[in-house]
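Beneath this line is the structure, given in structure tokens, with notes to follow.
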Amino acid sequence: MKFTIDVLGVFLKIVIRVNKATFAPLVVSTLFILLTSILAHCARRLVQTIVKDPFVRVLFEEAIAAAELCGCCFELIVVADNFGVATYALFLFLLTIWWSLNWGEATACPYTHIEDIIEGRTDIRKAVLKTWAELGGGLLVFKYVQMYWALEISDTHKDKAIEDCTADLQVPVLYGALVEGVATCICRLASRALGDINPRFATAIDAFVGTSLVVAAFDYSGGYFNPVLATSLKAGCHGHTLTEHATVYWAGACAGSIMSVYLYKLPAIQQFVRGTTETEVNGDSIWAGKED
0 MKFTIDVLGV FLKIVIRVNK ATFAPLVVST LFILLTSILA HCARRLVQTI
50 VKDPFVRVLF EEAIAAAELC GCCFELIVVA DNFGVATYAL FLFLLTIWWS
100 LNWGEATACP YTHIEDIIEG RTDIRKAVLK TWAELGGGLL VFKYVQMYWA
150 LEISDTHKDK AIEDCTADLQ VPVLYGALVE GVATCICRLA SRALGDINPR
200 FATAIDAFVG TSLVVAAFDY SGGYFNPVLA TSLKAGCHGH TLTEHATVYW
250 AGACAGSIMS VYLYKLPAIQ QFVRGTTETE VNGDSIWAGK ED
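Last residue of the sequence shown: 291 (numbering that gives the first Met the number 0), numbering continuous.
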């Protein structure tokens, strides 16, 4: 094991020295994302140990999840700008799997609470409190990100802590809202179907679908599909007003989410889901409940 670690260390030193201009900044971004995830994981465990009231604990967990999501995505902007959308997509895919496995009941996304209200799983008061917790975590985390960027460990962080941000919306407002709404609807439908069908690699499939939709919308609206994430990263940036921002990233995404609730109840979709869960597939299977 020690020999393997030594060899890996020598290899990394050589690669960084030979290709320092491109490789080292990516390492810096990766380490920041790892640090953010580790700190959030520790904070989550601390809350689970200290806070006894279940609902108060969920509020803290929502705030932590939102802070982790937004903190990592601030750095993913740096990754996308300097290393391309493909690298960004790979990071996002892996992070989505990590979040799915570690957040528990937290979603860091307001429209999931609207879905819960529609389906009778929660009330408006709890949904509002969760949304405020998420907004708090998402907005406060920028100070943490700004402190890291201010260190300017790599050239990709130069002046990032003080530069003005620009909006990602590259299309008219209503078109942007439609993009966010349709993509959110598809993403939520896929998540619901995967939850009911329960394939063996459901988390990875869900992450792949979400990442693919983000990449598809990247050059149109930015592909946020989460009002808290969009607000934390882009509210008040040059390129759109706050009203336009709310229309695209709040109204658009929430409308898509609400639409998914009712679309999923359509007989055609329900028949597909029930048929998939009941049909046995010969040979190797990806379904969780079927023996190969």
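Ideal Cβ placement from N, Cα and C applies to all residues, glycine included.
Whole angstroms are fine: how far does the CA of residue j sit from the CA of residue i?
i	j	result
residue 198	residue 190	11 Å
residue 267	residue 137	38 Å
residue 227	residue 248	9 Å
residue 78	residue 34	16 Å
residue 52	residue 103	16 Å
residue 205	residue 194	9 Å
residue 69	residue 123	25 Å
residue 274	residue 168	40 Å
residue 66	residue 129	13 Å
residue 272	residue 240	41 Å
residue 300	residue 210	Not covered by the structure: residue 300. The range shown for the chain is 0 to 291.
residue 121	residue 115	6 Å
residue 235	residue 80	20 Å
residue 264	residue 174	26 Å
residue 233	residue 201	30 Å
residue 283	residue 270	Because residue 283 sits at a pLDDT of 43, beneath the cut-off of 50, its placement in the model cannot be relied upon, and the point is left open.
residue 48	residue 64	17 Å
residue 256	residue 151	39 Å
residue 259	residue 61	22 Å
residue 156	residue 141	14 Å
residue 83	residue 101	27 Å
residue 251	residue 42	32 Å
residue 179	residue 92	19 Å
residue 188	residue 46	32 Å
residue 154	residue 243	33 Å
residue 213	residue 107	17 Å
residue 25	residue 147	15 Å
residue 217	residue 56	34 Å
residue 196	residue 31	36 Å
residue 159	residue 125	36 Å
residue 163	residue 225	22 Å
residue 207	residue 262	22 Å
residue 109	residue 23	36 Å
residue 313	residue 117	The displayed coordinates of the chain run from 0 to 291. Any statement about residue 313 would go beyond what the structure contains.
For my contact list, residue i and residue j are in at a C-beta cut-off of 8 Å; report their separation, rounded to the angstrom.
i	j	result
residue 165	residue 237	5 Å
residue 181	residue 246	Rounded, the Cβ-Cβ distance is 15 Å, inconsistent with contact.
residue 170	residue 219	5 Å
residue 73	residue 144	5 Å
residue 176	residue 58	In fact, because the Cβ distance is near 29 Å, the residues do not count as touching under 8 Å.
residue 71	residue 36	7 Å
residue 305	residue 96	Shown here, the chain extends from 0 to 291; a query on residue 305 therefore has no answer.
residue 139	residue 230	Incorrect: roughly 12 Å between the Cβ atoms, too far for contact.
Could you tell me if residue i is buried or exposed, where buried requires 16 or more neighbouring beta carbons within 10 angstroms of its beta carbon?
i	result
residue 54	exposed
residue 215	exposed
residue 113	buried
residue 253	buried
residue 87	buried
residue 39	buried
residue 44	exposed
residue 149	exposed
residue 85	exposed
residue 27	buried
residue 161	exposed
residue 185	buried
residue 119	exposed
Which residues mark the beginning and the end of the alpha helix (DSSP H) in which residue i is found?
i	result
residue 187	172–196
residue 101	53–101
residue 220	Per DSSP, residue 220 belongs to no alpha helix (DSSP H) and is neither H nor E.
residue 108	Premise fails: residue 108 is in no alpha helix (DSSP H) and is neither H nor E.
residue 292	As displayed, the chain neither begins before 0 nor continues past 291, which places residue 292 out of reach and without an answer.
residue 260	252–262
Taking DSSP's pairing of strands, which residues face residue i in a bridge?
i	result
residue 237	165
Indicate, with yes or no, if the ligand NAP has a heavy atom lying under 7 Å from the CB of residue i.
i	result
residue 140	Looking at this structure, you won't find the ligand NAP or any other ligand, since it has none at all.
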